[in-house]
Structure formats: C-alpha cells, structure tokens
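J.: Here you go, one structure.
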Amino acid sequence: MPGAPVHDVIVIGRGIAGVLLSEELRERGLDVLVVDHPRPGRASAVAAGVVNPVVLRRTVPSWRAASMLDLANGSYRELEARLNVHCWHPTPLFRLFPGDKDREDWVERQDDPEVGSFLGQPGDDVPGGVDAPFGMGPVLGAAWLDVPVLLDAHRKAWSAEGRLIEQEVGPAEVRRSAGEVVVLERRARLVVHTTGPFAEVPGLSRVRGEGLTIRVPGLQLPGIVHRGVFLLPQGGDLFRVGATFAWDQVWSGPTDQGRAWLEERLKQLLMLPYEVVDHWAGVRPASKDRRPILGRTSPHEAVLNGLGSRGVLLAPWCARKLADHLMAGRPLDPEVDAARFSDQGRTTTRPA
Numbered sequence: 185m186p187g188a189p190v191h192d193v194i195v196i197g198r199g200i201a202g203v204l205l206s207e208e209l210r211e212r213g214l215d216v217l218v219v220d221h222p223r224p225g226r227a228s229a230v231a232a233g234v235v236n237p238v239v240l241r242r243t244v245p246s247w248r249a250a251s252m253l254d255l256a257n258g259s260y261r262e263l264e265a266r267l268n269v270h271c272w273h274p275t276p277l278f279r280l281f282p283g284d285k286d287r288e289d290w291v292e293r294q295d296d297p298e299v300g301s302f303l304g305q306p307g308d309d310v311p312g313g314v315d316a317p318f319g320m321g322p323v324l325g326a327a328w329l330d331v332p333v334l335l336d337a338h339r340k341a342w343s344a345e346g347r348l349i350e351q352e353v354g355p356a357e358v359r360r361s362a363g364e365v366v367v368l369e370r371r372a373r374l375v376v377h378t379t380g381p382f383a384e385v386p387g388l389s390r391v392r393g394e395g396l397t398i399r400v401p402g403l404q405l406p407g408i409v410h411r412g413v414f415l416l417p418q419g420g421d422l423f424r425v426g427a428t429f430a431w432d433q434v435w436s437g438p439t440d441q442g443r444a445w446l447e448e449r450l451k452q453l454l455m456l457p458y459e460v461v462d463h464w465a466g467v468r469p470a471s472k473d474r475r476p477i478l479g480r481t482s483p484h485e486a487v488l489n490g491l492g493s494r495g496v497l498l499a500p501w502c503a504r505k506l507a508d509h510l511m512a513g514r515p516l517d518p519e520v521d522a523a524r525f526s527d528q529g530r531t532t533t534r535p536a
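Just so it is clear: in the sequence shown, position 259 is 443 by this note's numbering, and no numbers are missing.
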C-alpha cells in the first residue's frame with residue numbers, strides 16, 4: 185500500500201503491559217504507534233496497583249522479586265518524569281498476624297536469605313480500629329501504582345503526538361505479508377499484541393478480580409494493611425479493598441458473591457463502621473503456569489501478556505526483556521517464552 189506510514193513497531197493494546205512496552209521501545213529510538221480501544225472489564229482500568237514482593241500466605245518472595253522490584257522503582261520514576269505525573273507511591277505494607285504461630289514464623293523467616301531482606305521487625309503498634317491482637321509485620325519495598333493516572337497521562341501524551349489510534353482492531357484489521365504487518369492501514373515491521381484478557385493467546389488464563397472502595401471515618405493507617413484482603417489508603421476517609429480470584433464467569437462484572445467474600449474478610453480486620461461507595465471488577469490476564477507470556481509468535485509479530493495479579497511489578501521487567509529479545513536478539517528465559525505454548529494455537533485479538 186504505497187504512501188502508508190511505515191512504523192518500526194505497532195503495539196496493540198494499552199493496559200499496563202502496552203504502556204510499559206511502548207515507552208521502552210520508544211526510549212530505544214524506535215518509531216512506535218499504539219492502537220487501543222478501551223473496553224469494559226480490563227483489569228488495568230480498575231487495578232489497585234499494589235506491589236508486594238512477598239507471598240504472604242507462605243512468607244516467601246514472589247517470583248524474582250528482588251530484581252523486578254529494583255527495575256520497577258526505576259522504571260516508574262522515569263515514567264513520572266517523562267509524562268509529568270505522580271503515580272508511583274512507595275508505601276509501607278503490614279501483614280496482620282492471624283495468630284502467634286504466624287508471628288513466630290515471620291521472625292524465623294527473617295533469617296532466610298531469600299526473603300529475609302523483605303521482612304521488617306514485627307510490632308504491636310497497631311492502628312486504632314484495626315483488629316490485630318497478634319501484631320503486624322512490615323513488608324519492606326512495597327508500593328502502589330496509581331494505574332489509572334499513569335494510563336491517562338500516557339494516553340494524553342501519545343495522543344498529542346499523533347502516536348495513538350483509539351479504534352477497535354479485530355482479526356480482519358490485521359493483514360500479514362512476507363515483510364510486514366498492516367494494522368488499520370498502517371504498516372509496521374513488527375506488531376506486538378498486548379491486549380490482555382481480550383487476546384486469544386496460547387496458554388492464557390482469565391481471572392476475574394473484584395474489589396471495593398469504602399469510606400471509613402476516623403481510620404488512619406500508616407500504609408497498606410493485609411489479612412486475607414488488603415486495605416489501601418486513598419486519601420481522606422477512602423480505602424480500596426481487594427481482591428477476589430475467580431476462574432469462571434469471568435466477564436460477569438461485580439457479583440454479590442464477590443462482595444460478600446470481601447466484606448466477610450474486611451469485618452475480620454476492621455472494627456470501625458464503613459460505607460461501600462464502589463464495587464468494581466476486572467479480568468486479569470494470567471497464564472496456565474503463572475508466568476508471563478512474551479516473545480515472537482511469527483517473524484513480524486510478538487506477544488506480551490499473562491502478567492496476572494502482579495502485573496505492576498512484572499510489567500517493567502517483561503517490557504525490557506521483550507525489547508532486548510526483539511531488538512538485540514537476546515534469548516528469552518524459557519520460563520516466560522511464549523514458545524512454551526506454541527503447540528496450542530496462534531495469537532490473535534478477540535473481536536469485541
């Protein structure tokens with residue numbers, strides 16, 4: 185198609201994965217176009233953005249937590265400066281111990297070289313209104329990302345430069361040839377699919393997550409608290425509560441069952457009256473083996489997906505590793521390489 189613009193890369197999808205990848209590729213000097221059509225139900229639009237390097241129920245580090253946390257801190261700080269926005273909030277996170285045994289296990293794990301650097305000294309200075317008779321332990325290195333603020337800043341910046349097309353992309357709008365891919369009549373040497381739960385990606389698993397926004401007059405927290413669910417301060421009397429995990433009827437939106445589950449656990453940690461002001465739901469793109477899915481799916485197409493409930497922590501690392509692979513030919517870690525699911529079909533974007 186003579187005269188059509190030729191881009192180095194077209195990124196389809198603009199959740200947290202698409203934002204981090206588009207910024208990573210652009211910083212490497214590439215001509216990048218983003219194509220996105222916001223749809224209801226995507227997790228990035230409602231994500232609380234909590235970054236926790238510890239799997240609290242087992243007191244072990246999350247997958248590659250140390251290296252990913254360092255990269256996340258740097259990446260989100262750089263994005264704040266680049267997009268002139270404040271969205272990255274290093275914040276204390278406290279695990280409320282359900283019993284003495286949990287506290288004893290925490291102290292014992294402080295000597296574990298794998299997780300000990302993330303575990304602070306337990307204490308009994310529990311905030312008023314919080315039910316924690318066995319005290320609480322601080323998780324070091326925790327943070328939260330205001331995902332909607334980041335997505336909005338990215339949208340404004342890329343729209344202003346004419347590098348964002350907000351239009352639906354179905355299979356019919358993606359045409360492949362020997363040397364390029366054409367998307368909505370825009371040509372590119374490479375297309376990367378980052379459409380999250382709306383993609384048809386081999387190995388992808390969809391998980392519905394629900395949460396609440398509540399008002400609790402008089403509650404003052406020193407950071408995020410967690411016991412069964414997290415309670416994340418949002419300023420004033422507002423807090424976010426989350427989150428559920430459901431693998432069936434993922435597109436149902438908020439459910440009575442999900443709200444009941446959240447409130448049951450909320451009442452176990454909160455001794456103050458509260459008001460529910462919002463009940464939200466989103467569909468997380470996870471994977472069958474709980475590892476991200478990234479890599480080439482054909483000579484001129486690639487995928488970045490399956491980040492799951494720890495997407496904010498994983499996204500900077502995945503974006504960098506995929507960019508290294510696509511631009512410099514560096515091999516991907518077999519744990520995340522999309523090739524591990526290559527016998528299960530082809531990557532596409534689901535029609536709306």
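Every residue, glycine too, gets a C-beta built ideally from N, C-alpha and C.
1. Per DSSP, which residues does isoleucine 196 bridge with? Please list them.
2. For valine 358, which of Ile196, Asp286, Phe525 has the nearest alpha-carbon?
3. List the DSSP bridge partners of leucine 396.
4. Taking C-beta to C-beta, are alanine 327 and threonine 275 nearer than 9 Å?
5. DSSP three-state label for arginine 474, please.
6. Report whether the distance from the Cβ of histidine 338 to the nearest heavy atom of the ligand FAD is below 8 Å.
7. Are the CB atoms of valine 409 and leucine 453 within a distance shorter than 9 Å?
8. Between which two residues does the beta strand (DSSP E) harbouring methionine 320 extend?
9. Are there 16 or more other CB atoms within 10 angstroms of the CB of leucine 497, so buried, or fewer, so exposed?
10. Determine the direct distance from the alpha carbon of tyrosine 260 to that of serine 526, and round the result to whole angstroms.
11. Beta-carbon separation of glutamate 519 and histidine 377 under 9 Å?
12. If contacts are defined as beta-carbon pairs under 8 Å, then glutamate 350 and histidine 221 qualify, I think. What distance do you get, rounded to the angstrom?
13. In this structure, does DSSP put asparagine 257 in helix, strand or coil?
14. Give the single residue among Leu209, Pro438, Pro245 whose Cα lies nearest to the Cα of aspartate 296.
15. Using the DSSP secondary-structure output, state which residues sit across from asparagine 489 in a beta bridge.
16. List the endpoints of the continuous alpha helix (DSSP H) containing histidine 273.
17. In the DSSP output, what is aspartate 521 paired with across the bridge?
18. By Cβ distance, which residues of its chain are closer than 6 Å to leucine 253, with the 5 residues on each side in sequence left out?
19. If the criterion is Cβ atoms closer than 9 Å, does the pair valine 333 and valine 269 meet it?
20. Going by the beta-carbon positions, is the gap between glutamine 418 and arginine 424 smaller than 9 Å?
21. Ends of the alpha helix (DSSP H) at glycine 495?
22. With DSSP run on the structure shown, which of helix, strand or coil describes arginine 359?
T.: So, to answer that:
1. Within the DSSP bridge table, the entry for isoleucine 196 names Val219, His377 as partners.
2. Nearest C-alpha to valine 358: Ile196.
3. Val425, His463
4. yes
5. coil
6. This structure does not include the ligand FAD; it has no bound ligands of any sort.
7. yes
8. Looking at the DSSP string, the run of the beta strand (DSSP E) that includes methionine 320 is 320-323.
9. By the neighbour-count rule (16 or more Cβ atoms within 10 Å), leucine 497 is buried.
10. 32 Å
11. no
12. Approximately 6 Å separates the beta-carbon atoms of glutamate 350 and histidine 221; this is inside 8 Å, confirming the contact.
13. helix
14. Nearest to aspartate 296 by C-alpha distance, out of Leu209, Pro438, Pro245, is Pro245.
15. Bridge pairing for asparagine 489: Ile477 [DSSP].
16. Segment 272-274 is the beta strand (DSSP E) holding histidine 273; no alpha helix (DSSP H) there.
17. Leu478
18. Pro237, Gly325
19. yes
20. Less than 9 Å divides the Cβ of glutamine 418 from the Cβ of arginine 424.
21. Per DSSP, glycine 495 belongs to the alpha helix (DSSP H) from 495-512.
22. strand
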